[in-house]
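A.B. asks: Residue numbers (our numbering), protein chains in the order written: chain A, 1 to 263; chain B, 1001 to 1267; chain C, 2001 to 2357.
All C-beta atoms in this analysis are idealised placements derived from N, C-alpha and C, irrespective of residue type, glycine included.
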């Protein structure tokens, strides 16, 4: 392609990258070095390395891991079964559809469903288990988070499964492999890329959930995202907020590196 | 084989049931005369009437739609350029760096995106409101468009371009008459995903909005202060019905292409 | 290619059509003609009849808009482009707006009815001399509880919340000053205390409360309490009134150790066009009978002493919302403690939240 036309394509896109990817990251790193009074200092970083924040970081990672694991567990079979249906594109769209309904509303709906006098408890009473406290527990937090993230996990896996050459599966069967072995040795490894993108798409946002931690977990779970939101919007301590963001970015880079595509 | 079929169906049914449970819950209570999301009293269409009479809510819904349409359109254009740019780069290193930079926004938590854009706009001096929200939505939608279009480009056989050149096509014609038609499904998919991202977004908009400009998600958040009125349930039901129609419509449109539009996910 | 161009054309045309439509709608929502008064208030915060009365008595046309958070209101006013003549911020917002020069001083000579306001509610730290704001409604922070769910327990002090039988029964609001203030008050300290030893002591005491804390939530606390999800909650008196209206089983109490006093005051933003009219409106709202009618409708506490005579006894003598003078003396307004101290409060609160695990 002629170079001046190439420049035409490059320009808007590279401009976008510079303005909206590179600059914001640099800004965040810059801000993290300013304390609440606006003077240059390392105290934000000092603060981050105290038990409070380290505990918070660890806890965030743990929950993000749980959420990713459960999402994968539920999403993979779903994606697999979807590829075997007729009208698979339609079903896929129907999976995405709930994403279009506002998150806050769904959370409020869950508040109603999981409430002490809600439907879930009615059901539990019906089957004889008796009402339990579902809200404000780790269970409900992970459940609702998985609910939100499952579509993000399904999409890449579905794509990877679609790309899979069906003759490979047939070959395995011909050679006498059971369904489980076929899955373990043929299907899963070939769709690993999809699994990796799905994990990327779930794990990192899961680190920074803040609305769900308040609404469903009643702040019994604190993520790095809660702290960032607090600092940026309530305390107006942008410096500290930026510092936490820096660590999230570092975590993100590491994850991307670990699960990256090596095409 | 029959038993296996049943189990897998049951699994899918359960998944769909859980996915749609909160939505049906919302729809159910949108008809509640009791005014709250518990203790269903009488069936009523009052909330729907209120939705259609609430001018402020209407403005907000229109805001949301405009932002979604414009940001999806502009980000699709930039995204296509980006995909073409990445496709044409020959060195692997540069290609990978561009791709990683591209994906940063996709993988970043909304909170960071929102916060960093807020800082950016404040420094540059852009007033918070329609413009800042539009720019932000364009910004975070571009990567997904690139990811939808790029695979199509990579699938395209380079011989197509060669053939076109041989037949005497100009640079412009090669692009508009060969490349773009080939990647059109990707472009549509990208546009669609960008639309989804924009409509769904709360956190980024929340950080960068101001001056009374509000989108539906931010508005619902602030309505929560006084207790969610069931007008929102009614509105959501209407939106839901509309989107179901759009989805089914879109599906049958994509069926018209030779190869069904592949709705890819992220790579 | 054609299809793509077509699609984009449709999208852009549709967008601009919608934008045009939005502009028209926005314009129709608020116009400022002659002799109009634009009021910016909280939702459901005035008796609509009073607006009609005001219009009739003064001949001024009222344009009424609502907001739902101080932050949103402040942003809208400071960004310009609006012509609000009256706004009703909370006390902490008033200090911020004063600092940013967003308010016009109020001419007390034009509001003779000011004499009816209880002096206890005037000349407070957030606006000395009431140069910029006149009290509209006030309230407290206290405990909303469900006596039935708590087995008939009577609550009248912060320290009651620490009782063993309150296990997993308490909801707290997601506010650093409210929660730490509760800790400070329960130890007998002021909730504007800046002494770090006292603050750490309060934090330690709050840590002991964690087994009793079910969750720390935001505005959904109203829905949760109305649904009887918990036995007790730390809430603002205004919210308590709303919730109790929905669920009559609940009761509210201002703890005897003391608590926070909050205000929503009327101010005149600097973008006001009808300053004369604004003063007329303020004076009108201060009329005892008007204030009484408003208080009855809205359900919050009026600062207008004379108005109490016009309220039904069951309201004006309801100590829950009109505490005795002794208790009122113990109530404190939040003072601006400065960025660093506030940041410290928030850090302590964050640690408290994490301890809840």
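For the alpha helix (DSSP H) containing residue 65 of chain A, name the first residue and the last one.
C.D. replies: 51-83
A.B. asks: Does the beta-carbon distance from residue 279 of chain A to residue 210 of chain A come in below 7 Å?
C.D. replies: Outside the modelled stretch of chain A, which goes from 1 to 263, sits residue 279 of chain A, for which no answer is possible.
A.B. asks: What do you get for residue 2005 of chain C, buried or exposed, if any count of 16 or more other CB atoms within 10 angstroms of its CB means buried?
C.D. replies: exposed
A.B. asks: Looking at the unbroken beta strand (DSSP E) that takes in residue 2138 of chain C, where does it start and where does it end?
C.D. replies: Counting along the chain, the beta strand (DSSP E) containing residue 2138 of chain C begins and ends at 2133-2145.
A.B. asks: Using a Cβ-Cβ distance cut-off of 7 Å, determine whether residue 2171 of chain C contacts chain B.
C.D. replies: no
A.B. asks: On the criterion of 16 or more Cβ atoms from any shown chain inside 10 Å, does residue 2123 of chain C qualify as buried, or is it exposed?
C.D. replies: Its Cβ having fewer than 16 others within 10 Å, residue 2123 of chain C is exposed.
A.B. asks: Using 8 Å for Cβ pairs, my map puts residue 1190 of chain B next to residue 1149 of chain B. What's the rounded Cβ distance?
C.D. replies: Between residue 1190 of chain B and residue 1149 of chain B, the beta carbon gap of about 5 Å places them in contact (Cβ cut-off 8 Å).
A.B. asks: Between residue 1204 of chain B and chain C, is any beta-carbon pair separated by less than 7 Å?
C.D. replies: no
A.B. asks: Just to confirm, is the Cβ distance from residue 161 of chain A to residue 79 of chain A under 7 Å?
C.D. replies: In this structure, the beta-carbon distance from residue 161 of chain A to residue 79 of chain A falls below 7 Å.
A.B. asks: CA-CA distance, residue 1085 of chain B and residue 1184 of chain B?
C.D. replies: 17 Å
A.B. asks: Are the C-beta of residue 2073 of chain C and some C-beta of chain B separated by less than 7 Å?
C.D. replies: Taking a beta-carbon distance threshold of 7 Å, residue 2073 of chain C does not count as an interface residue toward chain B.
A.B. asks: Using 10 angstroms around the beta-carbon of residue 1241 of chain B, count the other beta-carbons present and answer buried if the total reaches 16, otherwise exposed.
C.D. replies: exposed
A.B. asks: Once DSSP output is grouped into helix, strand and coil, what is the label at residue 2103 of chain C?
C.D. replies: Assigned with DSSP and collapsed to three states, residue 2103 of chain C falls in strand.
A.B. asks: By the three-class DSSP mapping on this structure, what secondary structure does residue 2045 of chain C have?
C.D. replies: coil
A.B. asks: When the Cα atoms are used, what is the spatial distance from residue 2168 of chain C to residue 1069 of chain B?
C.D. replies: Inter-residue distance for residue 2168 of chain C and residue 1069 of chain B is about 47 Å (C-alpha atoms, whole angstroms).
A.B. asks: Check residue 2065 of chain C in the structure and name its three-state DSSP category.
C.D. replies: Looking at residue 2065 of chain C - three-state DSSP - the assignment turns out to be strand.
A.B. asks: In terms of residue numbering, what span does the alpha helix (DSSP H) encompassing residue 2217 of chain C cover?
C.D. replies: No alpha helix (DSSP H) contains residue 2217 of chain C, which is instead part of the beta strand (DSSP E) from 2213-2217.
A.B. asks: Determine which residues share a DSSP beta bridge with residue 2234 of chain C and list them.
C.D. replies: C:2143
A.B. asks: Determine the direct distance from the alpha carbon of residue 2299 of chain C to that of residue 195 of chain A, and round the result to whole angstroms.
C.D. replies: 56 Å
A.B. asks: I want to verify the contact list: residues of chain C whose CB lies under 9 Å from the CB of residue 1069 of chain B, in sequence order.
C.D. replies: 2011, 2012, 2014, 2015, 2018
A.B. asks: Report all residues from its chain with a CB closer than 7 Å to the CB of residue 66 of chain A; omit the five preceding and five following residues, and keep chain order.
C.D. replies: Spatial neighbours of residue 66 of chain A in its own chain (CB-CB distance under 7 Å, excluding positions within 5 residues in sequence) are listed in chain order as 142.
A.B. asks: Of all the CB atoms in chain B, is at least one closer than 7 Å to the CB of residue 208 of chain A?
C.D. replies: yes
A.B. asks: List the DSSP bridge partners of residue 2267 of chain C.
C.D. replies: C:2087, C:2133
A.B. asks: Between the Cα of residue 2090 of chain C and those of C:2109, C:2126, C:2271, spot the shortest distance and give me the residue it belongs to.
C.D. replies: C:2126
A.B. asks: Name, please, each residue of chain B whose Cβ falls closer than 8 Å to the Cβ of residue 2022 of chain C.
C.D. replies: Correct list: 1059, 1062, 1063, 1066.
A.B. asks: Under 7 Å between C-beta atoms, does residue 2214 of chain C make it to chain A?
C.D. replies: yes
A.B. asks: Bridge partners for residue 31 of chain A per DSSP, in chain order?
C.D. replies: Answer by DSSP bridge pairing: none, since residue 31 of chain A is not bridged.
A.B. asks: Is it right to say residue 39 of chain A is buried, meaning 16 or more other beta carbons lie within 10 angstroms of its own, or is it exposed?
C.D. replies: Looking at its Cβ environment, which holds fewer than 16 other Cβ atoms inside 10 Å, residue 39 of chain A is exposed.
A.B. asks: Should residue 1039 of chain B be labelled buried (16 or more other beta-carbon atoms within 10 Å of its own) or exposed?
C.D. replies: exposed
A.B. asks: For residue 1136 of chain B versus residue 1218 of chain B, is the C-beta spacing smaller than 7 Å?
C.D. replies: no
A.B. asks: Counting C-beta neighbours from all protein chains within 10 Å, is the total for residue 51 of chain A 16 or more, i.e. buried, or is it exposed?
C.D. replies: exposed
A.B. asks: Using 8 Å for Cβ pairs, my map puts residue 2019 of chain C next to residue 1059 of chain B. What's the rounded Cβ distance?
C.D. replies: Residue 2019 of chain C to residue 1059 of chain B, Cβ: 11 Å. No contact.
A.B. asks: Show which residues of chain A have a CB atom less than 8 Å away from the CB atom of residue 2340 of chain C.
C.D. replies: 36, 37
A.B. asks: Give, in chain order, every residue of the region 35-59 of chain A whose Cβ lies closer than 7 Å to some Cβ of chain C.
C.D. replies: 36, 37, 52, 55, 56
A.B. asks: Name, in chain order, the residues that DSSP records as bridge partners for residue 2251 of chain C.
C.D. replies: C:2145
A.B. asks: Going by other Cβ atoms of all chains shown within 10 Å of its Cβ, with 16 needed for buried, is residue 250 of chain A buried or exposed?
C.D. replies: Classification for residue 250 of chain A: exposed.
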